[in-house]
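With the first letter of the sequence shown counted as 1, position 6 gets the number 5 in numbering that gives the first Met the number 0; the numbers rise by one all the way through.
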Amino acid sequence: MNTTTESNRRPFSIERMAAEHVEAMKDPEYARRVAAEEEAAKAEKAAKAEADRIEWADGSLRRSTIRRALTPRDIAMVTGEAHDATPAMKLCSQWFDEWLKGDERDERWRPWLWVGGGRGIGKTLAAATLIRRCALTYPRGRVSYVRMSDLIRIQRARDSFKTKDVDEADEMMGEIVESAFVVLDEIGQEPETHRELARQAFADFVEARRSHGGPTLVLSNKSAATIRERFRSDWYDPRTESRLSEILVRDANGKGLHDLGGTDLRGEPI
Ligand SMILES: Nc1ncnc2c1ncn2[C@@H]1O[C@H](COP(=O)(O)OP(=O)(O)O)[C@@H](O)[C@H]1O
Ligand SMILES: [Mg+2]
């Protein structure tokens with residue numbers, strides 16, 4: 000069977016195709032269809048880009064490692080933006096909103112926010128929403144979540160004098176402090192037996208991250224009074240305190256260690 004038609008026997012010519020297109024577009028119905036197809040393709044592309052952006056942002060919970068600190072229900076709340084406005088959430092969002100304003104922000108909104116308060120008031124969940132927001136805003140920025148216990152492990156490796164361990168630890172620390180946004184969680188939880196390691200780890204982290212200048216959220220279950228006492232008693236290095244005093248957002252009373260109240264949202268104990 001001969002299916003060859005007149006048109007596809009002719010040699011391919013862009014000029015002829017363009018001329019045919021111009022001719023066809025004189026038909027208003029055809030022109031409308033072409034415009035609608037172009038519109039649909041544009042909308043599909045935009046929807047795909049938005050879906051990619053959200054997938055990237057949701058993936059930030061895994062990449063930052065904060066997933067390990069959340070329940071599946073917490074993760075659903077964060078990705079679905081279906082959380083309550085807890086005091087921790089309000090303070091963290093306000094600080095982050097201001098931070099995103101760049102040069103426009105008021106000088107009061109410094110790069111580090113310290114949020115202290117009892118267990119279960121929603122500190123880590125608030126941090127997760129900021130990590131996701133950071134990824135939505137900066138599609139290529141790295142976001143990091145570390146606990147004080149991670150910094151202590153890194154510090155111990157650095158103190159080991161085993162070249163491979165030291166190199167790995169330095170690299171990990173480098174990646175953390177070079178991130179677009181960093182959360183340091185559970186400071187103050189370290190046991191007395193890790194006091195020296197904690198002192199050094201905290202000092203190194205503050206020193207290295209401070210020079211990066213990026214936004215940093217510090218979360219603690221310990222009261223501001225306990226943390227202050229640790230600086231007084233040399234548990235934490237007093238030099239770390241003076242560095243922090245230059246970079247922490249102050250509360251209405253001028254204090255850099257925000258103490259939030261609130262009840263444990265985890266519900267009844269077992
Ligand atoms: N903004 C919120 N909206 C609704 N529930 C929350 C919110 N924040 C925390 N919760 C609930 O409280 C629990 C503990 O929150 P979490 O952030 O881990 O507390 P913290 O870090 O202060 O100890 C979560 O697992 C969740 O069930
Ligand atoms: Mg927590």
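Virtual Cβ for every residue (Gly too), placed ideally from N, Cα, C.
For the candidate residues the options, whose alpha-carbon lies nearest to that of residue i?
i	options	result
M171	L196, S143, E49	S143
P138	P237, I53, H257, D233	I53
E185	R104, A48, G121, E80	G121
R131	D57, E37, T64	D57
G119	D51, S241, N220, D236	N220
H211	Q188, A224, R238, I175	I175
T192	G173, A35, E103, R155	R155
L218	D233, I246, C91, K163	C91
S178	A35, C133, E189	C133
L129	F11, G253, L216	L216
L124	K100, A168, T64	T64
L247	S232, R67, R157, G115	G115
A127	R107, R62, P27	R62
A50	V165, T78, P86, F180	T78
Would you say the beta carbon of residue i is closer than 8 Å to some non-hydrogen atom of ligand 4?
i	result
R231	As far as ligands go, the structure on display features ligand 1 and ligand 2 and does not contain ligand 4.
With respect to the beta strand (DSSP E) encompassing residue i, which residues constitute its N-terminal and C-terminal limits?
i	result
L218	215-219
D57	Segment 27-62 is the alpha helix (DSSP H) holding D57; no beta strand (DSSP E) there.
Classify residue i: buried if its beta carbon has 16 or more other beta carbons within 10 angstroms, exposed otherwise.
i	result
D96	exposed
I13	exposed
P214	buried
E43	exposed
S159	exposed
G20	Rather than Gly, the amino acid found at residue 20 in this sequence is His. By the neighbour-count rule (16 or more Cβ atoms within 10 Å), H20 is not buried but exposed.
M16	exposed
E189	buried
F11	exposed
Please state the DSSP three-state secondary structure of residue i.
i	result
R109	coil
G187	coil
F95	helix
L196	helix
L259	strand
V145	strand
G101	helix
G115	strand
V181	strand
L90	helix
M24	coil
A17	helix
P138	coil
S210	helix
P10	coil
K254	coil
R157	helix
L124	helix
R249	coil
For the alpha helix (DSSP H) containing residue i, name the first residue and the last one.
i	result
A294	Absent from the structure is residue 294, since the part of the chain shown begins at 0 and ends at 269.
S244	237-246
D169	162-176
R231	223-231
Is there at least one Cβ from chain C nearer than 9 Å to residue i's Cβ?
i	result
R208	The structure shown contains no chain C; it is built from a single protein chain.
Does the structure place the stretch 186-196 close enough to the stretch 148-168 that three or more beta carbon pairs sit under 8 Å? yes
The stretch 238-245 / the stretch 201-209 touching (three or more Cβ pairs under 8 Å): yes
Measuring CB atoms only, is the stretch 222-235 touching the stretch 250-260, in the sense that at least three cross pairs come out at less than 8 Å? yes
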